[in-house]
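**Q**
Residue numbers (the working numbering): 107 to 281.
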């Protein structure tokens, strides 16, 4: 279940248009490495500490490979690569990599299988509304505070990803 809040924002493509409500993702606290390795190695012959060590070694190796200009494939998860932006020059002899290559960053691209397995059947749950710096715990709380009566359904429909919602606070589906 992935949580989101509704936030009223200006459309960056059309700043003159009236503000609209957009869903923004709310990430849960990340699972610790110890908790993740315990869960991943449950009912296996691999000890959690062995998996932690393997992840540490993978991180060290991936760092070296990326610094050498390689793309790193991480099993069925996907690939990691370095990308950057660059200023342009009219004359090739004027190009200076140190001054003109900017914003290097690391990009993770999930494999098709990994992406599909994560997104298949994903469901979304409303975690509230953020309006003018005030955070409301639910859509119902926001409507109550603003004196908005429920006309029609609070359910915002469905999606091919997760299906339709089941209630105004998003229990079980989209809201």
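Cβ coordinates follow ideal geometry from the N, Cα and C atoms, glycine included.
Apart from the five residues on each side of it in sequence, which residues of its chain come closer than 6 Å, Cβ to Cβ, to residue 185?
**A** Cβ neighbours of residue 185 beyond the five flanking positions: 177, 179, 215.
**Q** Output the residue ranges of the alpha helix (DSSP H) runs that lie fully inside the stretch 124 to 161 and measure 4 residues or longer, sorted by chain position.
**A** For the stretch 124 to 161, whole alpha helix (DSSP H) runs of length 4 or above, ordered along the chain, are 139 to 147.
**Q** Work out the CA separation of residue 159 and residue 142 for me, nearest whole Å.
**A** Taking the straight line joining both Cα atoms gives about 13 Å.
**Q** Buried or exposed: which applies to residue 279, given that a residue is buried once 16 or more other Cβ atoms fall within 10 Å of its Cβ?
**A** Confidence is the limiting factor: at residue 279 the pLDDT is only 42, short of 50, which leaves the residue's position unreliable, though a coordinate-based value still follows. Residue 279 is buried by the Cβ-count criterion.
**Q** Is the CB-CB distance between residue 189 and residue 211 below 8 Å?
**A** For residue 189 and residue 211, yes; Cβs fall inside 8 Å.
**Q** Could you tell me if residue 128 is buried or exposed, where buried requires 16 or more neighbouring beta carbons within 10 angstroms of its beta carbon?
**A** The residue is exposed, with fewer than 16 neighbouring Cβ atoms inside 10 Å.
**Q** Is it buried or exposed for residue 111, if we count other Cβ within 10 angstroms and need 16 for buried?
**A** By the neighbour-count rule (16 or more Cβ atoms within 10 Å), residue 111 is buried.
**Q** Determine which residues share a DSSP beta bridge with residue 229 and list them.
**A** In DSSP, residue 229 forms no bridge with anything.
**Q** To the nearest angstrom, report how far apart residue 172 and residue 245 are at their CA atoms.
**A** Straight-line Cα distance between these residues: approximately 45 Å.
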